[in-house]
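Let me begin by presenting the structure, written as structure tokens, before commenting on it.
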Ligand SMILES: Cc1ncc(COP(=O)(O)O)c(C=O)c1O
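Residue numbers (our numbering): 648 to 1078.
Below is the structure:
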């Protein structure tokens, strides 16, 4: 008899491309359909339980169904779930809070997803400088729009500063607007900027690029280069904002971008994101300026959605409690050390790489510096071990960085280590 997952997969196969939701596809043999989550755990439609390390792609920093978030969202849903055009009280309260709590924020402009936030940041940078090109780093992910998916998933590296299209349907003109540089490489960055200085509107960078941490001095170097050349320094805090610390990557690395893009955590699982930064740049989106030269269009049906805003405020109350980030980050280190011991015991040539509450098992012998290091690592082995982990009750996306939430527990840690032990044994047996 078919399992419920197999039955639902057949429906999904008829209706969704690759029976999936977008960028990730698990091997054909895996039929995984989730039905619900609570805290740090998720269950599939057949009743199997998993420790969740995907965390809604990092959005669920308080885990699933945190009571404070659920109550705030429910309460707002009954008061009015969606309002457009004019302000709503929740959106104003949250904007005030974000403008106070985000280090670089003099003002914020709402958006709906992280992709929208980075697209707005790039557009604002162009409008502010009167230049067209944006420089990004190879392997960085800034969302799904045409300017973002350039050299994000390269099969080989080294065509700097020319970017490579990651998707069908991307206009050449969009791809050639982007400039690409290896991450953590200030010398190449200086060279590219010197050659294109009159064209570059902004440089966009992740404080931790996927799982690669910015090396000491790198982000400061980017900041200096931007300041020296009147380039808008855009920090993509969609993953790191409110996660590495309450002040995000800005506080963690001590940098002050002109603009920062936020999403994921600040939506508390709902449709809310923002661009934050210098008032004179954000104010280009002031709708009273319509018709003026540098007016920048920033608009969407769900901007400032009151349910998401209410949920986000409840989430920020929890997240701003003393010690929350220290605990999350210590937990990640402890988990990483315990996992490293298991990998070493089985002679598996991999490291546990972590920054803050981001972590991943990589098949290499040192912290990666850039996309070339990632491509040179044994990615097939990494995916094979991750698949074994999934068979042992851990929800991870093979080859993708994982997230710790505030509600991962000591027993999650013990179960994870035990699951890794079993996974390593199977990995060595089948290798
Ligand atoms: C650093 C970064 N920027 C932007 C995005 C895009 O966010 P969204 O998927 O909400 O559009 C992501 C998503 O993973 C991200 O990791």
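Backbone N, C-alpha and C define an ideal beta-carbon position, used for all residues, glycine too.
If we call anything under 9 Å between Cβ atoms a contact, is residue 1047 one with residue 701?
-> Residue numbering aside, residue 1047 sits at position 400 when the chain shown is read from its first letter. Residue numbering aside, residue 701 sits at position 54 when the chain shown is read from its first letter. In this structure, residue 701 lies closer than 9 Å to residue 1047 by Cβ.
Residue 810: which of 831, 791, 781 and 993 sits nearest, CA to CA?
-> If you number the chain shown from 1, residue 810 lands on position 163. Here the closest residue by C-alpha is 781.
Reduced DSSP category for residue 1043 - H, G, I as helix; E, B as strand; rest coil | Working through the chain shown from its first residue, we reach residue 1043 at position 396. DSSP places residue 1043 in coil when its eight states are reduced to three.
Cβ shell of residue 1024 (< 6 Å), same chain only, five flanking positions each side left out = For the purposes of this step, residue 1024 is taken as the residue at position 377 of the chain shown. Cβ within range, chain order: 1009, 1010 and 1011.
Which stretch, first to last residue, makes up the alpha helix (DSSP H) that contains residue 756?
-> For the purposes of this step, residue 756 is taken as the residue at position 109 of the chain shown. Annotation: residue 756 is outside any alpha helix (DSSP H); the continuous beta strand (DSSP E) that includes it extends over 754-758.
Counting Cβ pairs, one atom from each stretch, are 3 or more of them under 8 Å apart for the stretch 650-659 and the stretch 682-699?
-> The way I'd put it, the stretch 650-659 does touch the stretch 682-699; three or more beta-carbon pairs between them come closer than 8 Å.
Under the criterion of a Cβ to heavy atom distance below 8 Å, does residue 701 qualify as lining ligand 1?
-> Residue mapping note: residue 701 aligns to position 54 of the chain shown, counting from 1. No, the beta carbon of residue 701 sits no closer than 8 Å to any heavy atom of ligand 1.
Residue span of the beta strand (DSSP E) that contains residue 696, given as start and end | Counted from its first residue, the chain shown places residue 696 at position 49. That run of the beta strand (DSSP E) goes 696-699.
Please work out which residues of its chain come closer than 7 Å, Cβ to Cβ, to residue 967, disregarding the five sequence neighbours upstream and downstream, and give them in chain order.
-> Counting from 1 along the chain shown, the entry for residue 967 is found at position 320. Cβ neighbours of residue 967 beyond the five flanking positions: 893.
Alpha carbon of residue 1065 to alpha carbon of residue 1052, nearest angstrom | By one-based count along the chain shown, residue 1065 stands at place 418. By one-based count along the chain shown, residue 1052 stands at place 405. Cα to Cα, residue 1065 sits roughly 20 Å from residue 1052.
Could you check if residue 722 is buried or exposed, using at least 16 other CB atoms within 10 Å of its CB as the buried criterion?
-> By 1-based counting over the chain shown, the position of residue 722 is 75. Exposed.
Report all residues from its chain with a CB closer than 6 Å to the CB of residue 738; omit the five preceding and five following residues, and keep chain order.
-> Within the chain shown, residue 738 is the residue found at index 91, counting from 1. Same-chain partners within the cutoff: 951 and 956.
Below 6 Å CB to CB, which residues in the same chain sit around residue 1028 once its five sequence neighbours on both sides are set aside?
-> For the purposes of this step, residue 1028 is identified with residue 381 of the chain shown, where counting begins at 1. Excluding sequence neighbours, residue 1028 sits near 1010.
Quick one: give me the first and last residue of the beta strand (DSSP E) that residue 851 is part of.
-> Counted from its first residue, the chain shown places residue 851 at position 204. Where residue 851 is concerned, the enclosing beta strand (DSSP E) stretches over 847-852.
Going by DSSP, what residues sit across from residue 924 in a beta bridge?
-> Indexing the chain shown from 1 puts residue 924 at position 277. Looking at the DSSP assignment, residue 924 forms a beta bridge with 754 and 906.
Secondary structure at residue 776, three-state DSSP: helix, strand or coil?
-> Locating residue 776 in the chain shown gives position 129, counting from the first residue. In the structure shown, residue 776 sits in a helix (DSSP, three-state: H, G or I).
For residue 953, which of helix, strand or coil comes out of DSSP?
-> What you label residue 953 is simply residue 306 of the chain shown in a count that begins at 1. Three-state result, residue 953: helix.
Leaving out five residues before and five after residue 746 in sequence, what residues of the same chain have Cβ atoms less than 8 Å from its Cβ?
-> The sequence position of residue 746 within the chain shown is 99, counting from 1. Cβ neighbours of residue 746 beyond the five flanking positions: 752, 753, 754, 755 and 923.
Shortest alpha-carbon distance to residue 926 belongs to which of 941, 911 and 905?
-> In the chain shown, residue 926 corresponds to position 279, counting from 1. With distances taken between Cα atoms, residue 926 lies closest to 905.
Look at the alpha carbon of residue 788 and the alpha carbon of residue 933, and state the distance between them as a whole number of angstroms.
-> Within the chain shown, numbered from 1, the residue matching residue 788 stands at position 141. Within the chain shown, numbered from 1, the residue matching residue 933 stands at position 286. Whole-angstrom Cα-Cα distance: 28 Å.
Distance between beta carbons of residue 848 and residue 778, contact taken as under 8 Å = Stepping through the chain shown from its first residue, residue 778 is reached at position 131. Stepping through the chain shown from its first residue, residue 848 is reached at position 201. With a Cβ gap of about 4 Å, residue 778 and residue 848 count as contacting.
Which same chain residues, not among the five before or five after residue 898, have their C-beta less than 7 Å away from its C-beta?
-> Mapped onto the chain shown, residue 898 falls at position 251. For residue 898, same chain residues with a beta-carbon under 7 Å away, outside a window of 5 residues either side, are 750 and 892 in chain order.
Specify, as a first and last residue, the run of the beta strand (DSSP E) that residue 642 falls within.
-> Residue numbering for the chain in the displayed model covers 648 to 1078; residue 642 lies beyond these limits and cannot be assessed.
Give every residue of the same chain whose Cβ lies closer than 7 Å to the Cβ of residue 724, excluding the five residues on either side of it in the sequence, and list them in chain order.
-> Numbered from 1 along the chain shown, position 77 holds the residue referred to as residue 724. Here the set comprises 954.
Residue 704 beta carbon less than 9 Å from that of residue 988 | The residue labelled residue 988 in the question sits at position 341 within the chain shown. The residue labelled residue 704 in the question sits at position 57 within the chain shown. No.
First through last residue of the beta strand (DSSP E) which encompasses residue 814 | Position 167 of the chain shown, counting from 1, holds the residue named residue 814. Looking at the DSSP string, residue 814 is not in any beta strand (DSSP E), and its letter there is neither H nor E.
Going by the C-beta, is residue 920 closer than 8 Å to any heavy atom of ligand 1?
-> Position 273 of the chain shown, counted from the start, is the residue given in the question as residue 920. Because some heavy atom of ligand 1 lies under 8 Å away, the Cβ of residue 920 counts as near it: yes.
Minimum Cβ-Cβ distance from residue 1031 to chain B less than 9 Å | No chain B is part of this structure, which consists of one protein chain only.
Could you please give the first and the last residue of the uninterrupted beta strand (DSSP E) stretch that includes residue 727?
-> Taking the chain shown and counting its residues from 1, the one referred to as residue 727 is at position 80. First-last for residue 727: undefined, no H or E at that position.
Any idea if residue 734 is buried or exposed, counting beta-carbon neighbours within 10 angstroms, 16 or more meaning buried?
-> As a first step, residue 734 must be located in the chain shown, where it is residue number 87. Result: exposed.
So, are the CB atoms of residue 945 and residue 770 less than 9 Å apart?
-> Position 298 of the chain shown, counted from the first residue, corresponds to residue 945. Position 123 of the chain shown, counted from the first residue, corresponds to residue 770. With respect to the 9 Å criterion, residue 945 and residue 770 are classified as neighbours on the basis of their beta carbons.
Between the C-alpha atoms of residue 881 and residue 785, what's the straight-line distance to the nearest angstrom?
-> Residue mapping note: residue 881 aligns to position 234 of the chain shown, counting from 1. Residue mapping note: residue 785 aligns to position 138 of the chain shown, counting from 1. In a straight line, the C-alpha of residue 881 is about 16 Å away from that of residue 785.
Looking at the structure shown, is residue 1001 part of a helix, part of a strand, or coil, going by DSSP?
-> Within the chain shown, the letter at position 354 stands for residue 1001. Looking at residue 1001 - three-state DSSP - the assignment turns out to be strand.
Looking only at its own chain, which residues have a Cβ that is under 7 Å from the Cβ of residue 688, when we skip the five neighbours before and after it?
-> Working through the chain shown from its first residue, we reach residue 688 at position 41. Result list for residue 688: 696, 697, 698 and 699, in chain order.
Give me the Cβ distance between residue 719 and residue 958, rounded to the nearest whole Å; I'm assuming they're in contact under 8 Å.
-> Residue 719 sits at position 72 when you count from the first residue of the chain shown. Residue 958 sits at position 311 when you count from the first residue of the chain shown. Yes, residue 719 and residue 958 are in contact; Cβ-Cβ is about 5 Å, under 8 Å.
According to DSSP, is residue 762 helix, strand or coil?
-> In the chain shown, the residue the question calls residue 762 occupies position 115. Of the three classes helix, strand and coil, the one that applies to residue 762 here is helix, per DSSP.
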